[in-house]
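**Student:**
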Amino acid sequence: MSIWWLVPQYLLLGIADVFSVVGLQEFFYDQVPKELRSIGLALYLSVTGVGSFLSSFLLMVIDKATGGNGRDSWFSSNLNRAHLDYFDWQLVGLGAIGFVAYLYFARSYIFNGRGTH
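Just so you know, this note's numbering puts 429 at position 39 of the sequence shown, and the rest follows in order with no gaps.
1) Starting from the N-terminal side, write out each stretch of the alpha helix (DSSP H) that is 4 residues or longer and does not extend beyond the segment 399 to 466.
2) Can you check whether the CB of Asp462 is closer than 8 Å to the CB of Ala455?
3) Within 10 angstroms of the Cβ of Phe418, are there 16 or more other Cβ atoms? Answer buried if so, exposed if not.
4) Identify, in the order they occur along the chain, each residue of the same chain with its Cβ nearer than 7 Å to the Cβ of Glu416, setting aside the five sequence neighbours on each side.
5) Within its chain, find whatever has a CB closer than 7 Å to the CB of Leu431; leave out the 5 residues flanking it on each side and keep chain order.
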């Protein structure tokens, strides 16, 4: 297996990260009152930190739940016995749930039209 198989995945993750980070930062800076802009940026960084914490927690829970009792977990060091495909499908499911939640909140959000531009 070549390392070049990872290039498309990292390219897509990098592009997605650029769009999401810039959009999230702009949202928290532009949609809060002028007096609370530093709080908005702190909330932006807090969302990023909580997301990283939850990602690590999810990996730990899946590793504990799928391993043990002589079984290899989904993240086994032997790629022939690991089931990273199951983890990828779980991420697809969580992404779909997140997209539905995004659509719900985006429809109910009231835009604050006094932007900085």
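Where a beta carbon is used, it is the ideal one built from N, C-alpha and C, also for glycine. The model shown is predicted, which means the values in this text are computed figures rather than measured ones.
**Tutor:** On the basis of the coordinates in this document:
1) DSSP runs (the alpha helix (DSSP H)) wholly in the segment 399 to 466: 427 to 456.
2) In terms of Cβ geometry, Ala455 and Asp462 do not form a close pair [threshold 8 Å].
3) Of the residues assessed, Phe418 falls on the buried side of the cut-off, its CB having 16 or more other CB atoms within 10 angstroms.
4) Here the set comprises nothing.
5) Closer than 7 Å at the Cβ level, and outside the excluded window around Leu431, lie Phe418, Tyr419.
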